[in-house]
Amino acid sequence: PFSTNATTDDDESSKIKYIPHDIFTNRNPSIRIFTPSTSTSPIDSAAYATASHFAIAQQTGYSYPRFRSADRIKIPKEECEDKFCVADLKKPKDMPAEKPVDYSYSYHGSRSRVTEPSPTEIVTFGRLFVLADGHGGPGCAQFFVDRIPREVEDLCRRYDPGGLGDRTTQRKMEREIKELIRRLDDEYLDRKRTQYQSAAIERGEIDARQGRHLNSLSPSPSPSAAASFSSSPLSSPTPSSPASIPQDHLASAPGPVDDDGCTLMLAIFLGDSWLVQANVGDSRTILMSAPDDFNGPRHHHQHHYYHKPGTHGAYKLDVDFASQDHKPYLEHLAREILDNGGEFVDAVQNRVIKVDPKTLKEDGNRQRTRVALKNARIRPRKVVNGIAGGVAIGQAAAAAAVTFANMSAHQRRKAATGSAAQASTASAAGEHGPSLNVARSCGDLAFKLDSTKKIISCEPDVTFVKIRRREESEEEEEEEIARREDEARRERESDGMSAGSDDDEVVVVRACIPDEEDDERMEVVDARGEEDARENEVELPRGRRRRFLLMSSDGLFDHLYEEHAEKQNKAVAKAVGRHVEEAERVLVQALEEEDELDIEMAEEYDDCTVVLVEV
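The working numbering numbers the first residue of the sequence shown as 7 and each following residue consecutively.
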């Protein structure tokens with residue numbers, strides 16, 4: 007896979023497709039840029055051309071001193087908690103779509119392929135983009151980024167992209183994606199329980215015999231998790247993943263243990279027709295587009311299309327689809343949280359926000375919000391002696407999880423040195439446990455101590471986006487083209503202009519000639535069934551359009567002036583269009599050997615990772 011947050015000197019000066027590297031690095035060297043060409047194992051754009059033009063920008067968050075009397079100096083975080091990955095999806099050339107992959111299992115429970123096909127038999131059938139926004143530590147985000155590519159590849163091998171238009175097939179794939187994420191989440195939680203128990207033994211709070219006894223009372227993993235989970239996090243490679251994947255972030259070594267979690271976002275391109283999008287948490291995917299009808303005169307020296315600035319709206323991107331943030335103020339999620347033992351507290355005043363579950367309607371409306379929960383955080387309703395759910399979940403693991411979750415970084419370091427009193431004090435100080443401002447996430451053991459009644463789930467929303475070739479809707483496309491030509495003719499007549507009298511200055515906007523046979527339009531389908539999908543379908547613009555997919559952690563949206571998601575999406579689309587225009591003007595200037603344009607990027611407090619893909 008095209009990897010994952012490797013920070014080298016080359017990353018600081020790497021080039022973006024069509025954009026000179028100085029455009030990002032001159033004024034803000036803290037922002038790292040990743041492109042297909044910067045990886046030691048770059049993606050194969052020749053084997054799979056869809057979504058092969060992309061760039062990823064990442065900035066580690068920082069803070070200022072808490073007291074006003076201190077100097078206003080940026081304090082950078084020790085490590086960026088956002089993790090990402092881009093990987094090609096491959097399979098044997100003649101592999102049937104529904105044929106399962108054969109595995110062998112070791113006595114540890116880890117699995118591996120029985121036979122690996124030779125490289126000459128491999129074809130690339132898709133591309134995967136993964137973004138995980140970690141909180142509380144980078145371990146959970148890194149775990150999912152390491153594991154997801156191979157697991158998704160195995161899953162997608164069983165499907166023919168040409169058959170994804172079938173509702174039954176979509177629902178089946180949706181269930182398998184949800185089960186995949188749930189299984190990995192259960193595995194990570196089991197390993198965190200082992201870490202907490204080992205840490206408690208190291209501190210002398212419990213002896214090894216008691217730890218083994220209490221751990222034996224924990225619920226058995228599901229069959230799928232049992233097949234992939236090893237009792238020792240370092241004893242064997244992770245299932246369906248290369249043995250070379252580092253497991254340091256899961257080691258049960260002495261030291262502070264983070265009760266960390268992450269949001270998760272997947273964009274799976276399959277064949278030349280489908281995009282499957284899945285999201286858990288408050289990271290966001292935005293699909294944007296603008297007309298791609300550059301019908302102006304062509305330069306006689308260069309194969310570029312020209313148009314007058316602003317006349318065709320080439321850089322005014324429309325928001326065609328945006329994923330929904332999983333926030334506490336969504337009523338259908340608030341009801342789940344209350345039913346499973348959670349409560350809401352005001353993020354500013356730290357007081358409990360009382361919500362009557364009976365007032366939360368169960369009418370299937372996933373957009374309805376509760377204004378009172380706008381600034382709410384989620385926490386466990388009741389924690390007794392560091393335990394939520396009783397001895398059946400393993401007292402040692404539960405107590406350690408809540409204890410460490412409530413500690414400050416300073417307290418954790420002291421506890422790691424052997425001071426058990428620090429742990430008890432921290433636990434007593436925070437009897438309600440930690441709090442989160444996201445209503446769904448991966449990891450976060452303190453919210454999932456009872457595996458049968460998790461306060462916060464990891465269930466993703468899954469959406470299917472189809473890109474249809476022109477031959478599938480040729481009649482509609484021809485009608486759309488005729489309509490646009492008629493509107494352009496009437497506009498010229500109303501302005502007293504005749505065709506061919508346009509003497510205004512023109513600029514280059516594309517570095518390639520659009521393929522006349524590559525006209526596309528898209529259809530968004532929700533996978534939950536005909537009735538639900540009818541309410542969630544998105545009417546996308548017809549005609550040939552240039553499209554961009556943006557995936558971002560919440561660091562991009564938290565500091566926008568706009569508070570509503572819809573307005574934020576429009577603001578982001580406007581900004582992306584402006585930067586695309588500036589970048590393409592830079593391309594023109596570079597081609598004409600003129601000065602390059604510098605752009606100063608904005609800095610934010612939170613970690614921020616943005617993936618921009620030209621679809």
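Note that the Cβ used here is the ideal one computed from N, Cα and C, for glycine as well. From a predicted model like this one, the values you see are computed outputs, not experimental measurements.
Inset, instruction - Report yes or no: do three or more beta-carbon pairs, one from the segment 286-300 and one from the segment 336-346, lie closer than 8 Å? - result: Fewer than three Cβ pairs drawn from the segment 286-300 and the segment 336-346 lie within less than 8 Å of each other, which leaves the two stretches out of contact.
Legend entry - Cα-Cα separation between Ala382 and Arg446, rounded to whole angstroms: A direct Cα-Cα distance of roughly 14 Å separates Ala382 from Arg446.
Legend entry - Straight-line Cα distance separating Arg357 from Ile62: 39 Å
Inset, instruction - Please confirm whether Pro6 and Phe470 have their CB atoms less than 8 Å apart. - result: Since the first residue shown for the chain is 7 and the last is 621, residue 6 is missing from the structure and cannot be characterised.
Inset, instruction - Consult DSSP for Arg550 and reduce its assignment to one of helix, strand or coil. - result: Three-state DSSP puts Arg550 in coil, outside helix and strand.
Inset, instruction - For the beta strand (DSSP E) holding Asp94, just list the boundary residues, first then last. - result: Segment 88-98, the beta strand (DSSP E) holding Asp94.
Inset, instruction - Return the residue from the list Tyr321, Ile128, Lys380 that minimises the CA-CA distance to Ala581. - result: Just measuring C-alpha positions, the residue of Tyr321, Ile128, Lys380 sitting nearest Ala581 is Tyr321.
Legend entry - Residues of its chain near Ile183, where Cβ-Cβ distance is below 6 Å and the 5 sequence neighbours each way are ignored: Ala284, Val468
Inset, instruction - List in chain order: all unbroken beta strand (DSSP E) runs of 3+ residues lying wholly within the segment 121-163. - result: 128-141
Legend entry - beta strand (DSSP E) segment containing Ile274, residue limits: Secondary structure note for Ile274: its beta strand (DSSP E) is the uninterrupted segment 270-276.
Inset, instruction - Determine, using beta carbons only, whether Asp450 and Asp265 come nearer to each other than 8 Å. - result: The answer is yes: Cβ separation under 8 Å.
Inset, instruction - Find out if the Cβ-Cβ distance for the pair Ser289, Asp139 is shorter than 8 Å. - result: yes
Inset, instruction - Using the Cα positions of Pro440 and Phe350, report the straight-line distance between them to the nearest angstrom. - result: 12 Å
Inset, instruction - Might you give, ordered along the chain, the residues of its own chain that have their beta carbon closer than 7 Å to the beta carbon of Leu186, omitting 5 neighbours on each side? - result: Within the same chain, Leu186 has close Cβ partners Glu157, Leu161.
Legend entry - CA-to-CA distance, His332 to Val621, given in whole angstroms: 25 Å
Legend entry - Burial state of Val586 (16 or more Cβ within 10 Å): buried
Legend entry - Residues that Val325 bridges to, as DSSP identifies them: Met294
Legend entry - Residue interval of the beta strand (DSSP E) (run including Ala340): That residue, Ala340, is in no beta strand (DSSP E); its alpha helix (DSSP H) goes 337-345.
Inset, instruction - Check each candidate in Arg189, Gln201, Arg181 and name the one with the smallest Cα separation from Cys448. - result: Arg189
Legend entry - For Gln330, three-class secondary structure by DSSP: Correct three-state label for Gln330: coil.
Legend entry - Assigned exposure category for His141 - 16 Cβ within 10 Å defines buried: buried
Inset, instruction - Check whether the Cβ atoms of Leu555 and Val619 lie closer than 8 Å to each other. - result: yes
Inset, instruction - Could you pull the start and end residues of the beta strand (DSSP E) that Arg385 belongs to? - result: 382-386
Inset, instruction - Give a single yes or no on whether Arg551 has its beta carbon closer than 7 Å to a heavy atom of the ligand HEM. - result: Ligands in the displayed structure: none, and consequently the ligand HEM is not present.
Legend entry - C-beta atoms of Val92 and Gly287 nearer than 8 Å: no
Legend entry - Presumed contact (8 Å Cβ cut-off) between Arg133 and Tyr194, rounded CB distance: Actually they do not touch by this definition, with Cβ atoms about 25 Å apart.
Inset, instruction - Per DSSP, which residues does Arg630 bridge with? Please list them. - result: Only positions 7 to 621 of the chain appear in this structure, which leaves residue 630 out of reach.
Inset, instruction - Over the uninterrupted beta strand (DSSP E) stretch that includes Val617, give me the two end residues. - result: 614-620
Legend entry - Beta-ladder partner(s) of Ser558, from DSSP: Arg290, Val616
Legend entry - Whole-angstrom distance between Lys472 and Lys364, CA atom to CA atom: 39 Å
Inset, instruction - Using DSSP bridges, identify the partner residues of Asn285. - result: Met271, Asp467
Legend entry - Burial state of Ile207, where buried means 16 or more other Cβ atoms lie within 10 Å: buried
Inset, instruction - Taking all protein chains shown into account, decide if Tyr165 is buried (16 or more other Cβ within 10 angstroms of its Cβ) or exposed. - result: buried
Inset, instruction - Hey, could you find the ends of the beta strand (DSSP E) Arg349 is sitting in? - result: The amino acid at residue 349 is misidentified as Arg; the sequence shows Glu. That run of the beta strand (DSSP E) goes 348-352.
Inset, instruction - Would you list the residues sitting across from Thr375 in a DSSP beta bridge? - result: Thr375 is bridged to Leu336.
Inset, instruction - For Val263, name the three-state secondary structure that DSSP assigns. - result: Val263: coil per DSSP, three-state reduction.
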